[in-house]
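One line per chain: the protein sequences are A and B, in this order. Residue numbers in the first sequence follow full-length UniProt numbering, run continuously in steps of one, and reach 434 at the last position. Residue numbers in the second sequence follow full-length UniProt numbering, run continuously in steps of one, and reach 168 at the last position. Beta carbons: idealized from backbone N, C-alpha and C, even for Gly.
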Amino acid sequence: MKRFTQALIAVIALCAAQMTLAQEAIEITKGTDKATPIAVVPFGWQGSTPLPEDLAQISANDLRNSGMFAPMERSNMLSYPVRGEEINARDWKMIGVDYVVVGQVSNQAGTDRYELNYSLYSIVREQVLLSKTVSGTKAQLRDMAHHLSDEVFEEITGIKGAYNTKLLYVAAERFSKDNTRYTLQRSDYDGARLSTLLQSREPILSPSYAPDGQRIAYVSFESGRPEIYVHYIQTGRRERITSYEGLNGAPAWSPDGNRLAFVLSRDGNPEIYVMDLGSKQLRRVTNHFSIDTEPSWMDDNTIAFTSDRGGKPQIYKQNINGGSTERLTFVGNYNANAKLSVDGRTMVMVHRQEGYRNFQIATQDLKRGNLRVLTETSLDESPTVSPNGVMLIYATRQQGRGVLMLVSTNGRARSEIPTQFSDLRVPSWSPYLP
Amino acid sequence: MEVIKFGKMAALVVAFGVVVGCSSKGGDASGTGAVDPNAGYGAGTSGAGMDNGMSSEEASLRAVTTFYFEYDSSELKQEAMRSLDVHAKDLKSAGNRVVLEGHTDERGTREYNMALGERRAAAVQRYLVLQGVSPGQLELVSYGEEKPSVMGSGEESMAQNRRVELRK
């Protein structure tokens, strides 16, 4: 009887939660096939009113986004256990699930303190792999779910989870040709819990998270010309870094967070520069009459960048202390906006195949050189990689509006970042946050 | 002011007689006053031939303040050069400052397009300087693909977005 009541409560909580979640849920536009089957069972909750967040669903979405897991639909589950000992391994085995996550949320009456007790169970080994408690305020419920996802993901894959991370992007609301509102937004990696960092009538471009997760850099046209700013997220303090004649663009943080690479055209055409943020000393890195732009750090002293010195835009690399320039991309007639994965082994970029009109996101293995196209739409750009390299978010266009898509780097999972705005662009994924 | 009016009238009379070949005269006469690149535009759209006296051809060239480009190109088109000749003359005599805004269509990456937009604005600047305009009168700003003139991904709308706008 008790079990039935719990299941019933779980179902009621689930229905209520699904209604509130409808707006926020990531919309799955492409399924998975060879991913590990897992079931994140709706978590138990005894409260008199439904929880504002469906933690199990958030977590299931997290795991699906990696492309490494195929979370089971709730409607296909035979039971809704909330504790490890309630799991009937045989039932789950029968429906082809390898892992089951169960949990219960509790709240000390009259307080803003919530606790999530959860367990990860291996059906194959019939064994509890993880059993933990995480707590927080009502406003932190989503953090608790992402924390669970991080733990489960790492326990099974051995890869550190990157679900407690943030996303920057620019939203544009166009009212007429000369009247657009640009806002710099910060959200959870999955688009939830939005906050506006900056609002302007002029374009905001190329936001980029510093490795410390505390500062961001971006280009703002608020003065009528492009200028690079460094913005402290906590305090809102802003520092104007460059305001030279011509282009001031594409800021990119060095791995140590002490330097910023960017593009200036003050000497006549676009060149890559590096500024030491402490001393404000400027060093010119490239020197060529073509367009050099979109710097991206490969290590402490090497920068990858886009250049059309060979006729079409391709990716090159250059030591910031001098030396020769080396071309990195040879496949396709347009390769630009390279982003390096944190381990430095893979490069993600905007790619156009020979003979095609479409711009797509591709990855290139820097050791072996082989290239893989990850997306299949036509105006894909601005890729940004999760700190563990498992997922990436990019901008594309759908029915004339800019949208952000999340795709796993293995290509299996794909979903749209939900939004209230009509036009999104230039996403930047945060590093791991404390 | 009297001189200008007279110049306009004279040009109008000449324009009726000889359609081609009067444009430089009309331009000279208008030099002291008509420096607003959009002034001609207003007169042109009003459709009043009398106000727009000195030369309908020059006025219509002056009315053009947006210059279009082919995809991934910063090469000026013939018709743009003809308009820029008129603007150069105006700028030389008035000595005012204008902004050349470079724009691209949405294809390609945003920062690369920022550079391409600047390349287009620089092409217009170079042409005007060759005609004798002082570089100090010309400020370049590239907006890349950030400020499209029209929305839409069709070839037609993209062609309208690949442009340099001359703004006072």
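With distances taken between CB atoms, is the gap from residue i to residue j smaller than 8 Å?
i	j	result
A:P203	A:Y218	no
B:G154	A:F359	no
A:K138	A:P42	no
A:L404	A:I417	yes
A:V342	A:I361	no
B:E111	A:A250	yes
A:L141	A:L63	no
Suppose the cutoff is 7 Å on Cβ atoms and the five residues either side in sequence are ignored; what does the same chain contact list for residue i look like?
i	result
A:K312	N333 and Y334
A:L247	P226, V263, L264, S265 and P270
A:N65	M391, L406, S408, A413 and S415
Helix, strand or coil for residue i? Go by DSSP, reduced to three states.
i	result
A:H288	coil
A:A192	coil
A:N117	strand
B:V86	helix
A:A210	coil
A:Y394	strand
A:V97	coil
A:Y244	coil
B:M151	coil
B:E118	helix
A:A362	strand
A:P383	strand
A:V82	coil
A:I320	coil
A:K312	coil
A:T325	coil
B:Y112	helix
Chain A beta carbons: is any one of them nearer than 8 Å to that of residue i?
i	result
B:G152	yes
B:N161	no
B:G42	Note on B:G42: pLDDT 36, under 50, position unreliable in the model; no value is reported.
B:S73	no
B:L140	yes
B:Y143	yes
B:E165	no
B:K147	yes
B:E106	yes
B:P37	The pLDDT assigned to B:P37 is 35, lower than 50, so where the model puts this residue is not dependable; a value taken from the coordinates is nonetheless given after this. Not closer than 8 Å to any Cβ of chain A, the Cβ of B:P37 fails to qualify, so no.
For residue i and chain B, any beta-carbon pair shorter than 8 Å?
i	result
A:G344	no
A:Y432	no
A:F359	yes
A:N61	no
A:V373	no
A:Y209	no
A:E381	yes
A:L366	no
A:G400	yes
A:V263	yes
A:L198	no
A:S119	no
A:V230	no
A:S223	no
A:R397	yes
A:T183	no
Beta-carbon within less than 6 Å of residue i's beta-carbon, same chain only, minus the 5 sequence neighbours each way: which residues are those?
i	result
A:Y189	T165 and L167
A:L194	Q185 and S187
A:V331	L371
B:L91	V133 and Q137
A:A25	Annotation note: pLDDT 35 at A:A25 (below 50); position unreliable, no value reported.
A:R283	V274
B:P135	V129
residue 455 of chain A	As shown, chain A starts at 1 and ends at 434. That puts residue 455 of chain A outside it, with no answer to give.
B:V98	L166 and K168
A:D212	G257
A:Y254	The question names Tyr, yet the displayed sequence has Ser at residue 254 of chain A. Here the set comprises W297.
Spatial neighbours of residue i within its chain, please: CB distance less than 8 Å, with the 5 preceding and 5 following residues excluded, ordered by chain position.
i	result
A:D423	A171, A172, E173, R174, R401 and G402
residue 477 of chain A	Residue 477 of chain A falls outside the range modelled here, since chain A spans only 1 to 434, and no answer is possible.
A:T36	M68, F69, A70, D98, Y99 and I156
Going along chain E in order, which residues have a C-beta closer than 8 Å to the C-beta of residue i?
i	result
A:S206	Although the question refers to chain E, the structure presented lacks it and instead comprises the protein chains A and B.
Contacting positions in the region 151–178 of chain A - beta carbon closer than 9 Å to chain B: So the close ones are A172, R174, K177 and D178.
Contacting positions in the region 245–258 of chain A - beta carbon closer than 7 Å to chain B: Listed in sequence order: G246, L247, G249 and A250.
Where the region 405–429 of chain A meets chain B: residues whose CB sits under 7 Å from a CB there: Along the region 405–429 of chain A, going in chain order, the ones with a CB nearer than 7 Å to a CB of chain B are V426.
Interfacial residues, the region 108–119 of chain B to chain A, with Cβ spacing under 8 Å: When C-beta distances to chain A are compared with 8 Å, the residues of the region 108–119 of chain B below that value are G108, T109, R110, E111, Y112, M114, A115, L116, E118 and R119, in chain order.
Interface residues of the region 60–94 of chain B facing chain A [CB-CB below 7 Å]: Listed in sequence order: no entries.
Interface residues of the region 288–299 of chain A facing chain B [CB-CB below 7 Å]: Answer set for the region 288–299 of chain A: I291, T293 and E294.
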